[in-house]
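Protein chains in written order, with this note's numbering: chain B, 880 to 1359; chain L, -4 to 420. Yeah, the Cβ is synthetic: ideal placement off N, Cα and C, and Gly gets one too.
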Amino acid sequence: MKYLDLAIDRAVQLGAEYADIRIHKTTTEVLYLQNKSIKNANNDVLYGYGIRVLKDGTWGFAHSSVFTEDALLKTVQKAYDTAKLSAIVKNGDGIRLANERSYIASYKTPYKVDPFGIPLKEKAELFLEINQRMMNLKEIKKANSFFRAQKDEKLFASTIGTRLDINTLYINPQITAIAISDYDSQSRTFDEGGRGVGWEWIEQLDLLEKSRYVAEEAVMKLNSDELKEEKRRTLVLDPNHLGLTMHESVGHPTELDRVLGWEADYAGISFATPEKLGNYQYGSKIVNFVGDNTLEGGLATAGFDDDGVPGQKWHIIKDGVLQEYGTTRETAPFIGVDYSRGCNRATHYYDQPINRIPNLYLLPGKKELTPAQLISDTEEGVYIQGRGSFSIDQHRVNFQFGGDFFWEIKDGKLIRPLKKVLYRSNNPEFWNSCDAICDKRFWKPFGVINCGKGQPNQTARMTHGASPARFRNIRVGGSK
Amino acid sequence: MKELVSSIYEIIKKEHKADDYEVYISFSDDHEARFAQNAMSQHMTGQIVKVVYEASIDRKTASSSVNQYDEDTIRQLVKTTEDLARISQEDPEYIDSMGKQDFPKTDNIKPATTNLTPETIVNIIKDAVDFAKSKGTKLSGIFSLNKTSFYFYTKKGFEGSYDTCSYEFSMTMKEGERETKVSTAGKDFSKFSLQNQLDQLYSQFSSLDKPNAMEPETISVILRPQAVANIMMYLRWLLDRRMADDGITPLKGQIGKQFFGEKFNMSTVENDDNMTIIPFFNDSVLKQIDWIKDGVLMAQPISGTYANMIDEKPSSMFNVFIQGDTTSEEDMMKMAGRGLIINNFWYIRTNDMRTFDLTGMTRDGVLYFENGKVKHSVNNFRFNEKLHEITRRIMALGESTIVFNSSVVPTMLIKDFHFIDRTNF
Ligand SMILES: [Zn+2]
């Protein structure tokens, strides 16, 4: 596309040390139903370009949605002027980008059935039927379903000669039943997060069947007991729950920009500082976390990031020890590393990319172990499924998590459902208390589509994953 | 701008075949300068356009939006949306769009704000960073400036527009374990004083030393306005009438009853010198409303759809004004004797909506006071607390001040605040 060359040529002419342009079109379809009412049936398109210029060691970023040569050149000029202006507030020589070669490449999310090609009527009928079935149980007073499909079409060019054509797609179905009595209200949700796949996933999922257990378990939860007291207990956590736990307690603290203090004013910093690399026992010996932007179906899998760095796979925690961060071309040199792990991503065309969590997952256990064996080997504890409330401090040390469904474990058996369970732990206690992880047959991904970070806030997506795992001696109880 | 918007709207009026529609058009100019560790880190500028068309045909509704506004795109927008609506499902809760209505005149445009230049913004940041450097500290934050023009039309006859301008500035000062933040916002930049912000920041920073270890307990707290705004913000969402009637929150049948504490007053105002005043939204226009008066629940936000179902008028919480008083922090410390001063809360989430049970953590510095005097700073804590019960334990209120651009709240002295866990920093 001629705009790519035009922008890059002008940036070079102006004297940019580095520049890139991202022409980015985001198309989103959202369907949201409450009971039998369609609350949202939306189709949104955002189309424009963002131009990033590095000059005198500082950034300028300008965006526009006007596709004329004149507007484009003005936007390049604005990015350049903004960078020059910024340069009066910098440390030393400012920003230096890690080494990277140029690429001419394209990427497309592999999928079979285009979700945008399925008529709204068909989608709406499916989710109306789901809501109706959930409401067939008399205690279910509210049934919500949500479907989101998003495609991002990106053209990228940079002054080092990279030219990329990237087309990604993901979908996310969610269904929730809320059981309400005079005394309480409790919900149960089916949500595996988003996944970089087509509508074929919906066909495999059998959401109508899922709606049955969602509704039944909402009612079970409503009528269940709470834990009376907080005490040290064993936790068995399913992959769907662990997705969020690892996001908050491993993903964010290993973003290098947070480590460097670049998010100190809002999202926060990190306890996992560089002197801990290679020696800090983040978790027990069986805990291995991998960053993997090549993961099939992964939400951060796009071939390349918004620096033009290819997707990679690397250990962030190996045999329990903090190994490496998720990095960008801009952040890596600050810890003396001259390559990027490819974690720079922007949400929309008008966002300047920032250091994000990659697809990040817990490797399965090496020994054969089924979830049934894991539970039968647990004397007393709680088995948590799905995600509930979550809160963590700005250094990513102390946290409290809830869940979506809870079973009390006694003498190796699930004896009764529970509600309002919360556990409190911290880094490095939590991952060091992990004493068993089921094997790879039970590994499941969980996609996060709403990771908020940055000022102004940007919403990123990435995939996590795990096999069910056990954690010993964690404070588990209720709110008090 | 007006002519451009009219021309976009004319295309929609001409092209549409829907029984009913709503059209939103906004032009938003943003300038955001971020700084971290004493250097500029991001600097972004540009205009974001949004054209939203929501159409209803045979009580079936769909909506689409685009950010281009050439004639072809707008025609396509109308066609796509109406095609979607036709193949959607009839909505049992369908309501017509808002009809012709008057709405309050707003006074949101302030020349000191609209005339702000990128040079001025960068110089403010430079001065602030130079100050931080002179104190041997690291400064991070953001200055953002926004100018928006918003237009709203419905087929049933509502036509309205408003313009806003606003700025936000925040700074976090950090050195070793000591870290604190100030932030300010408003529509009128002539009220901004960098010196005042730096004075406040440095006085907060100086009051912190290496935090003493303190175990969580139930203790009196002085919540500074940022902390109050961050926790009371949850009422914007949890006060909703439908969630109450459905039994999702504890407010079913509580209208007219003393559900909150007697010292707690919360309203929405039609005028304010500092806050940006939004005069209408999709199903209601701005009105002065007392939501909670002397602790009695007087009114609840009701969506247009639900208002129609229960035969009430729709209402929204356009802004939050929590009535303050004149008690100084010194007097609060004397009243409480022993307690904590909380600069801010962080990562607040609901544990349980039915009981308004929230969790969250302290941030930006916690001070311990005894015998009416600040003794030293302490580590951060986690709380688990029920929102309405907090208001029942309000002992005293300070003066109300603007936090964010849509809330004005006071400092609060709360007794028996329930902390359950602590951090090591
Ligand atoms: Zn996140």
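### Query
Among residues of its own chain, excluding the 5 on either side of residue 1086/B, which ones have a beta-carbon nearer than 6 Å to its beta-carbon?
Position 207 of the first sequence holds residue 1086/B. Excluding positions up to five away in sequence, the list reads 1009.
### Task
With 8 Å as the threshold, decide whether the Cβ of residue 1144/B is near any Cβ in chain L.
As a position in the first sequence, residue 1144/B is number 265, starting the count at 1. Yes - at least one Cβ of chain L is within 8 Å of the one on residue 1144/B.
### Task
Check the DSSP bridge columns for residue 1200/B and list the partner residues they point to.
Looking up residue 1200/B in the first sequence gives position 321. DSSP output for residue 1200/B lists 1160/B and 1197/B as bridge partner(s).
### Query
By Cβ distance below 6 Å, which residues in the same chain neighbour residue 25/L in space, the five residues on each side in sequence not counted?
The residue given as residue 25/L occupies position 30 in the second sequence. Cβ within range, chain order: 141.
### Query
Does the beta-carbon of residue 317/L have 16 or more other beta-carbons within 10 angstroms, so that it is buried, or is it exposed?
Taking the first residue of the second sequence as 1, we reach residue 317/L at position 322. By the neighbour-count rule (16 or more Cβ atoms within 10 Å), residue 317/L is buried.
### Task
Note down, in chain order, each residue of its chain lying with its Cβ closer than 7 Å to the Cβ of residue 342/L, except the 5 sequence neighbours on either side.
Translated into the one-based positions of the second sequence, residue 342/L becomes position 347. Here the set comprises 355 and 356.
### Task
Sort out for me which residues DSSP pairs residue 361/L with in a bridge.
Position 366 of the second sequence, counted from the start, is the residue given in the question as residue 361/L. Bridge partners of residue 361/L: 337/L and 373/L.
### Query
CA-CA distance, residue 1345/B and residue 1121/B?
If you number the first sequence from 1, residue 1345/B lands on position 466. If you number the first sequence from 1, residue 1121/B lands on position 242. Rounded to whole angstroms, residue 1345/B to residue 1121/B spans 7 Å at the Cα level.
### Query
Distance, Cα to Cα, residue 1149/B vs residue 137/L?
As a first step, residue 1149/B is located in the first sequence; it is residue number 270 there, counting from the start. As a first step, residue 137/L is located in the second sequence; it is residue number 142 there, counting from the start. Between residue 1149/B and residue 137/L, the C-alpha separation is close to 20 Å.
### Task
Return yes when the C-beta of residue 1222/B is under 7 Å from any heavy atom of ligand 1, and no when it is not.
In the first sequence, counting from the first residue as 1, residue 1222/B sits at position 343. Flag unset: Cβ of residue 1222/B not near ligand 1.
### Message
Using a Cβ-Cβ cutoff of less than 6 Å, which residues in the same chain neighbour residue 336/L once the five nearest sequence positions on both sides are dropped?
### Response
The sequence position of residue 336/L within the second sequence is 341, counting from 1. Taken in chain order, the residues that qualify are 217 and 362.
### Query
How should residue 1084/B be labelled, buried or exposed, when 16 other C-beta atoms within 10 angstroms of its C-beta is the threshold for buried?
As a working mapping, residue 1084/B is identified with position 205 in the first sequence. The residue in question, residue 1084/B, is exposed, as its Cβ has fewer than 16 Cβ neighbours within 10 Å.
### Message
Strictly under 8 Å for the Cβ-Cβ distance: is residue 961/B near chain L by that measure?
### Response
On the first sequence, residue 961/B is found 82 positions in, with the first residue counted as 1. Interface residue, yes.
### Query
Closest by CA to residue 1033/B, which one among 1277/B, 1218/B, 1046/B and 1206/B?
Position 154 of the first sequence, counted from the start, is the residue given in the question as residue 1033/B. Nearest option by C-alpha distance: 1046/B.
### Query
Can the beta-carbon of residue 246/L be found closer than 8 Å to that of residue 320/L?
As a first step, residue 246/L is located in the second sequence; it is residue number 251 there, counting from the start. As a first step, residue 320/L is located in the second sequence; it is residue number 325 there, counting from the start. Not a contact, by the Cβ cut-off of 8 Å.
### Query
In whole angstroms, what separates the C-alpha of residue 1260/B from that of residue 1355/B?
Taking the first residue of the first sequence as 1, we reach residue 1260/B at position 381. Taking the first residue of the first sequence as 1, we reach residue 1355/B at position 476. The alpha-carbon atoms of residue 1260/B and residue 1355/B are separated by roughly 9 Å.
### Integer-rounded CB distance, given that residue 932/B should sit under 8 Å from residue 966/B
For this step, residue 966/B is matched to residue 87 along the first sequence. For this step, residue 932/B is matched to residue 53 along the first sequence. Not confirmed; about 11 Å, so no contact.
### Message
Check this for me: beta carbons of residue 197/L and residue 95/L, under 8 Å apart or not?
### Response
Start at 1 with the first residue of the second sequence, and residue 197/L comes out as number 202. Start at 1 with the first residue of the second sequence, and residue 95/L comes out as number 100. Taking 8 Å as the Cβ cut-off, residue 197/L and residue 95/L do not qualify as a contacting pair.
### Task
Would you list the residues sitting across from residue 938/B in a DSSP beta bridge?
Here residue 938/B is taken as the residue at index 59 of the first sequence, counted from 1. The partner list for residue 938/B (beta bridge, DSSP) reads 933/B.
### Query
So is the beta-carbon of residue 1126/B under 7 Å away from any non-hydrogen atom of ligand 1?
Taking the first sequence and counting its residues from 1, one reaches residue 1126/B at position 247. Flag set: Cβ of residue 1126/B near ligand 1.
### Query
Which ranges would you report for the beta strand (DSSP E) in the segment 1007 to 1041 of chain B if only whole runs of at least 3 residues count?
1019 to 1037
### 8 Å contact criterion, which residue 1090/B and residue 1054/B should meet: CB distance rounded
As a working note, residue 1090/B is residue 211 in the first sequence. As a working note, residue 1054/B is residue 175 in the first sequence. About 6 Å; that satisfies the 8 Å criterion.
### Query
Just by C-beta distance, which residues in the segment 110 to 126 of chain L are closer than 7 Å to chain B?
113, 114, 117, 120, 121 and 124
### Task
Would you verify that the beta carbon of residue 925/B is, or is not, closer than 8 Å to some beta carbon of chain L?
Here the question's residue 925/B lines up with position 46 in the first sequence. At least one chain L Cβ lies under 8 Å of residue 925/B.
### Task
Answer yes or no: does any C-beta atom of chain B fall closer than 8 Å to that of residue 342/L?
Reading the second sequence from its first residue, position 347 is the one you call residue 342/L. Cβ-Cβ to chain B under 8 Å: yes for residue 342/L.
### Task
Return the chain-ordered ranges of every alpha helix (DSSP H) run that is complete within the segment 282 to 324 of chain L and spans a minimum of 4 residues.
299 to 305
### Query
Would you say residue 94/L faces chain B, with C-beta separation under 8 Å as the test?
By 1-based counting over the second sequence, the position of residue 94/L is 99. Output row for residue 94/L: interface = no.
### Query
Tell me the DSSP bridge mates of residue 261/L?
Position 266 of the second sequence holds residue 261/L. Residue 261/L is bridged to 287/L and 317/L.
### Task
With DSSP as the reference, label residue 1320/B as helix, strand or coil.
The residue given as residue 1320/B occupies position 441 in the first sequence. Residue 1320/B falls in the helix class under three-state DSSP.
### Message
At a cut-off of 7 Å, would you count residue 1330/B as near ligand 1, judging by its Cβ distance to the nearest heavy atom?
### Response
Your numbering for residue 1330/B matches position 451 in the first sequence. Yes.
### Query
What is the rounded straight-line gap between the Cα of residue 349/L and the Cα of residue 1027/B?
Locating residue 349/L in the second sequence gives position 354, where the first residue counts as 1. Locating residue 1027/B in the first sequence gives position 148, where the first residue counts as 1. Cα to Cα, the separation comes out at about 28 Å.
### Query
If you draw a straight line from the alpha carbon of residue 1238/B to that of residue 1328/B, how long is it in whole angstroms?
Against the first sequence, residue 1238/B aligns to sequence position 359. Against the first sequence, residue 1328/B aligns to sequence position 449. Distance between the alpha carbons of residue 1238/B and residue 1328/B: 12 Å.
### Task
Would you kindly report the start and end of the unbroken alpha helix (DSSP H) that includes residue 889/B?
To locate residue 889/B, count along the first sequence from 1; it is residue 10. Taken as a continuous stretch (DSSP letters only), the alpha helix (DSSP H) holding residue 889/B covers 881 to 893.
#### Entry: residue 56/L: contacting residues in chain B (beta-carbon distance under 8 Å)
Looking up residue 56/L in the second sequence gives position 61. Simply 917 and 920.
### Task
Indicate, with yes or no, if ligand 1 has a heavy atom lying under 7 Å from the CB of residue 1131/B.
In the first sequence, residue 1131/B corresponds to position 252, counting from 1. It does: the Cβ of residue 1131/B is within 7 Å (strictly closer) of some heavy atom of ligand 1.
### Task
Output the distance between the C-alpha atoms of residue 1127/B and residue 106/L, rounded to the nearest integer angstrom.
Counted from its first residue, the first sequence places residue 1127/B at position 248. Counted from its first residue, the second sequence places residue 106/L at position 111. Cα to Cα, residue 1127/B sits roughly 43 Å from residue 106/L.
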